[in-house]
Amino acid sequence: MSWKASERLMDTIRHYANFPATGVSLRQMVQFGERPSVGTLFRASQFLAEELPIRLAHRVEELTNLPDGLNEMPSVKKVQDWYAQSFEEITGLPRPNLGRDVRDRLLNPGKLNNGRGAMLSEAIPNPSIREGQYASSPVGGMTNGNKKHQGARRYFAMVDDVGDWPPELQAYNSKFAQCLHKIKRRHDGVVTTMAQGILEYKRRRQRMQIDNNIQSFLDRFYMSRIGIRMLIGQHIALTDQSHHRDPTYVGIICTKTNVRDLAQEAIENARFVCEDHYGLFEAPKIQLVCNPDLNFMYVPGHLSHMLFETLKNSLRAVVETHGQDKQEFPVTKVIVAEGREDITIKISDEGGGIPRSAIPLVWTYMYTTVDRTPNLDPDFDKSDFKAPMAGFGYGLPISRLYARYFGGDLKLINMQSAVMRDGSSQGLAIPMRMMHKRLKPFEVSERKQVGDAESMISQERGRLMWDETGGEL
Ligand SMILES: Nc1ncnc2c1ncn2[C@@H]1O[C@H](COP(=O)(O)OP(=O)(O)OP(=O)(O)O)[C@@H](O)[C@H]1O
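Quick note on the working numbering: the sequence shown kicks off at 335 and runs consecutively.
Right under this line is the structure:
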């Protein structure tokens, strides 16, 4: 029998939705170091045991209140049930009964930092996000900028670790991590199931596109999901100390993410999917220009996702513009620029670009130029799921959320053009192309330049310490 939320549970969820979420900065996440102690992990578990239900409750509330019958779509209801069920599991997990001395010790920051522990300075707001851009207002009208509340709970707190901790702490830590693991699995299919829900809605209402309301709901919803999964993934990885880990990792954050290696891997994956999809002997080539020693602190999984999605788009555009039966395709270029403050990855292809009128649409969910959206059957998010070449219209908007999540951005610079048969005007120098594209897009297309879309992923380096999204996630 399928799970169903009781009225009592829904009441509790409504209560939690009154509280604002507390943002956690990347810097706080890496303060745990490679091997956090039982006490420190326990404090983090306590924080998450409150924070995650608050975030989940916001999502349940939002899903319940979706307009125009979207909340009634079977797939939307399914997602809502997942959130409610996960809420129930976390809040229902029995906490250990701790003696006074243990509780005091947990609050004692230890000897680090002159006895003040490793307390962190305030996170600064995420520069890529306007205040409240992805925030939903808590039901009771409290604002997200509720500093008093935010200051009261801390994700990272170093505790006095001299001596042993009672076994209940360790047992709770691993129970909590197991619970998070199960939740993470349950939510694997959220993006695709929501996509299915939007499809159901579009069919039912005979809509071609979704409106602004739904678009901003989805932006908030997926951004929140990135935050929740980041916290869950990080906590599971920190708790799992069973195997010897790479010393450059703190949880799922790599303090030395090597951009070239990641880009190379994404190129191979995207080319492989492209060959497979179009039945090509060899996918169009991709040239990578990157300093091999370029490292920065980041979540490698996020960067891989953005690169893979944008590269797939470029390859698809190149193949479809020039024809599947071509022997040689124009080379797509991936150029990684290392500035003092930013790392920018520019992907330029010669795949025909995007009509100007469609540019605003590429950022909307479910906009795709693929004729037939791949079938979304309920089990397709299982591990044998093969990444499709394209078709959901999720690649760009979700990748941009990933970029913004830690203060970066993803931009598309477009120069739509007809393909010149002789290909004579290829190969304009990049700085010029940039200038043309930014300042005089029409002039470029009048020249019928064969050089078409650029995706730019940028991330600020070095100072990655802001709140996930200024508090809401
Ligand atoms: N480099 C590009 N050149 C030309 N058109 C592009 C390029 N990148 C994206 N587009 C257009 O933007 C649309 C939306 O892209 P997006 O990545 O969001 O979705 P998709 O590729 O269609 O599907 P998926 O969700 O599976 O990635 C594409 O269908 C395509 O028409």
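Even for Gly, the Cβ is constructed at its ideal location relative to N, Cα and C.
Fair warning: this is a prediction, and the values are worked out from it, not measured in the lab.
Apply the 10 Å Cβ neighbour rule to residue i and answer buried if 16 or more other Cβ atoms are within range, or exposed otherwise.
{"i": "ASN399", "result": "exposed"}
{"i": "PRO387", "result": "buried"}
{"i": "HIS349", "result": "exposed"}
{"i": "TRP337", "result": "exposed"}
{"i": "GLN658", "result": "exposed"}
{"i": "ARG429", "result": "exposed"}
{"i": "LYS516", "result": "exposed"}
{"i": "MET542", "result": "exposed"}
{"i": "ASN441", "result": "The amino acid at residue 441 is misidentified as Asn; the sequence shows Leu. The residue in question, LEU441, is exposed, as its Cβ has fewer than 16 Cβ neighbours within 10 Å."}
{"i": "VAL633", "result": "buried"}
{"i": "VAL778", "result": "Here VAL778 scores only 27 on pLDDT, less than 50, and its place in the model should not be relied on; the value that follows carries that caveat. Buried."}
{"i": "GLN568", "result": "buried"}
{"i": "PHE719", "result": "Low confidence applies here, because PHE719 scores a pLDDT of 41, under 50, leaving its location unreliable; read the following figure in that light. Per the 10 Å Cβ criterion, exposed."}
{"i": "ARG605", "result": "buried"}
{"i": "ARG650", "result": "buried"}
{"i": "PRO618", "result": "buried"}
{"i": "SER379", "result": "buried"}
Return the CA-CA distance between residue i and residue j, expressed in angstroms with no decimal places.
{"i": "GLN661", "j": "ASN748", "result": "26 Å"}
{"i": "GLN414", "j": "GLU341", "result": "14 Å"}
{"i": "ASN603", "j": "PHE642", "result": "7 Å"}
{"i": "GLY805", "j": "PRO731", "result": "The pLDDT assigned to GLY805 is 39, lower than 50, so where the model puts this residue is not dependable; a value taken from the coordinates is nonetheless given after this. Those two C-alpha atoms are separated by around 21 Å."}
{"i": "ARG369", "j": "PRO500", "result": "18 Å"}
{"i": "PRO694", "j": "SER648", "result": "18 Å"}
{"i": "GLY403", "j": "LEU397", "result": "11 Å"}
{"i": "PRO408", "j": "MET700", "result": "18 Å"}
{"i": "GLU534", "j": "THR702", "result": "16 Å"}
{"i": "GLY305", "j": "ASN431", "result": "Past the boundaries of the shown model lies residue 305; the chain is included only from 335 to 807, so the question cannot be answered."}
{"i": "ASN592", "j": "ASP435", "result": "45 Å"}
{"i": "MET344", "j": "HIS521", "result": "19 Å"}
{"i": "VAL665", "j": "LEU735", "result": "28 Å"}
{"i": "ARG537", "j": "GLN530", "result": "11 Å"}
{"i": "LYS680", "j": "GLU788", "result": "7 Å"}
{"i": "GLY523", "j": "GLY497", "result": "43 Å"}
{"i": "VAL652", "j": "LEU375", "result": "49 Å"}
{"i": "THR346", "j": "TRP416", "result": "16 Å"}
{"i": "GLY785", "j": "GLY613", "result": "At GLY785, the pLDDT of 44 sits below 50, so the modelled position is not reliable and the matter cannot be decided from this model."}
{"i": "ARG738", "j": "PRO461", "result": "9 Å"}
{"i": "GLN575", "j": "THR589", "result": "18 Å"}
{"i": "ILE532", "j": "ARG519", "result": "22 Å"}
{"i": "GLY475", "j": "SER682", "result": "Here the model assigns GLY475 a pLDDT of 43, short of 50, so the residue's position is not dependable and the matter cannot be decided."}
{"i": "HIS611", "j": "SER733", "result": "21 Å"}
{"i": "PHE726", "j": "ALA511", "result": "32 Å"}
Ends of the beta strand (DSSP E) at residue i?
{"i": "SER682", "result": "676–683"}
{"i": "ASP580", "result": "Run containing ASP580: none; DSSP gives neither H nor E here."}
{"i": "TYR632", "result": "629–632"}
{"i": "LEU622", "result": "620–623"}
{"i": "ASN431", "result": "First-last for ASN431: undefined, no H or E at that position."}
{"i": "ILE587", "result": "587–592"}
Between the options, which has its C-alpha nearest residue i's C-alpha?
{"i": "ILE791", "options": "TRP337, CYS588, GLU672", "result": "GLU672"}
{"i": "HIS392", "options": "SER420, GLY367, PRO634", "result": "SER420"}
{"i": "GLU599", "options": "LEU637, HIS569, ASN625", "result": "LEU637"}
{"i": "GLY685", "options": "GLU675, ILE677, THR644", "result": "THR644"}
{"i": "LEU628", "options": "VAL670, GLY741, PHE376", "result": "VAL670"}
{"i": "ALA571", "options": "GLY585, ILE560, MET640", "result": "GLY585"}
{"i": "THR698", "options": "ARG537, SER359, ASP545, LEU533", "result": "ASP545"}
{"i": "VAL704", "options": "TYR728, MET640, SER789", "result": "TYR728"}
{"i": "VAL623", "options": "LEU746, ILE601, GLU395, SER371", "result": "ILE601"}
{"i": "PRO401", "options": "PHE551, ALA378, SER558", "result": "PHE551"}
{"i": "CYS283", "options": "ILE424, PHE490, THR573", "result": "Given that the chain is displayed from residue 335 to residue 807, the structure contains no residue 283 and the question cannot be resolved."}
{"i": "ALA339", "options": "PRO354, GLN467, ARG563, LYS412", "result": "LYS412"}
{"i": "SER558", "options": "PHE353, GLY357, ILE620", "result": "GLY357"}
{"i": "ALA692", "options": "LEU746, ARG519, GLU422, GLY367", "result": "LEU746"}
{"i": "LEU596", "options": "PRO618, ASN625, ALA355, PRO581", "result": "ASN625"}
{"i": "PHE311", "options": "GLU385, TYR468, VAL525, THR573", "result": "Absent from the structure is residue 311, since the part of the chain shown begins at 335 and ends at 807."}
{"i": "TYR583", "options": "ALA355, VAL364, ALA351", "result": "VAL364"}
{"i": "ASP676", "options": "PHE663, LEU360, TYR506, MET631", "result": "MET631"}
{"i": "ILE548", "options": "ASP743, LEU744, ARG361, VAL410", "result": "VAL410"}
{"i": "PHE740", "options": "LEU382, ILE562, ILE463, PHE726", "result": "ILE463"}
{"i": "SER508", "options": "PHE615, GLU616, SER359, LEU427", "result": "LEU427"}
Determine, using beta carbons only, whether residue i comes closer than 9 Å to chain C.
{"i": "GLN568", "result": "Here chain C cannot be found, since the structure has a single protein chain."}
Per DSSP, which residues does residue i bridge with? Please list them.
{"i": "MET671", "result": "Correcting the residue identity first, residue 671 is Ala in this sequence and not Met. Its beta-bridge partners are THR678."}
{"i": "ASP743", "result": "SER792"}
{"i": "THR666", "result": "ILE620"}
For the alpha helix (DSSP H) containing residue i, list its first residue and its last residue.
{"i": "ILE532", "result": "524–539"}
{"i": "ASN507", "result": "501–520"}
{"i": "TYR322", "result": "In the structure as shown, the chain begins at 335 and stops at 807. Residue 322 is therefore absent and cannot be evaluated."}
{"i": "VAL394", "result": "372–398"}
{"i": "TYR556", "result": "546–573"}
Can we count residue i as close to ligand 3, meaning its CB is less than 8 Å from some heavy atom?
{"i": "LEU641", "result": "In terms of ligand content, the structure shown lacks ligand 3 and carries ligand 1 instead."}
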